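Chemist:
Residue numbers (the numbering used here): 720 to 817.
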């Protein structure tokens, strides 16, 4: 049974990776540049600028939002942990164990 589940896991992993790569290559941009003549360098620079703008407008904002959400969640967990510790210390003091 364990071997069957391992095969199922590997199969699912392989399918997931194939889908991810398909999505990656579907959205991949390319620009032809000649190393000999330099033809296409302007197109390359324009494509790079477009990618920079896309990153700045899309991904960077999303990344900042996720970082902020993680920081807020970490702060909430730390506050909750400190409150639990305070309650435990108060319980210990009340019982005379501390």
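Heads up, the beta-carbon is just placed ideally off N, CA and C, and yes, glycines get one too. This one's a predicted model, so the numbers in the text were calculated from it and none came from an experiment.
For residue 811, report the span of its alpha helix (DSSP H) as first-last.
Modeler: As a working note, residue 811 is residue 92 in the chain shown. First-last of the alpha helix (DSSP H) with residue 811: 779-814.
Chemist: If distances are taken between C-alpha atoms only, which option among 810, 769 and 734 comes closest to residue 749?
Modeler: Here residue 749 is taken as the residue at index 30 of the chain shown, counted from 1. The shortest C-alpha separation from residue 749 is found at 769.
Chemist: What residue range does the alpha helix (DSSP H) around residue 757 cover?
Modeler: Indexing the chain shown from 1 puts residue 757 at position 38. Unbroken run through residue 757: none, as it is neither H nor E.
Chemist: Determine the DSSP secondary structure at residue 731, reduced to helix, strand or coil.
Modeler: What you label residue 731 is simply residue 12 of the chain shown in a count that begins at 1. Helix, per DSSP.
Chemist: For residue 775 and residue 728, what's the separation of their Cα atoms in angstroms?
Modeler: Position 56 of the chain shown holds residue 775. Position 9 of the chain shown holds residue 728. Taking the straight line joining both Cα atoms gives about 37 angstroms.
Chemist: Would you mind stating whether residue 763 and residue 755 have Cβ atoms separated by less than 8 angstroms?
Modeler: The residue you call residue 763 lines up with position 44 of the chain shown. The residue you call residue 755 lines up with position 36 of the chain shown. Going by C-beta atoms, residue 763 is not nearer than 8 angstroms to residue 755.
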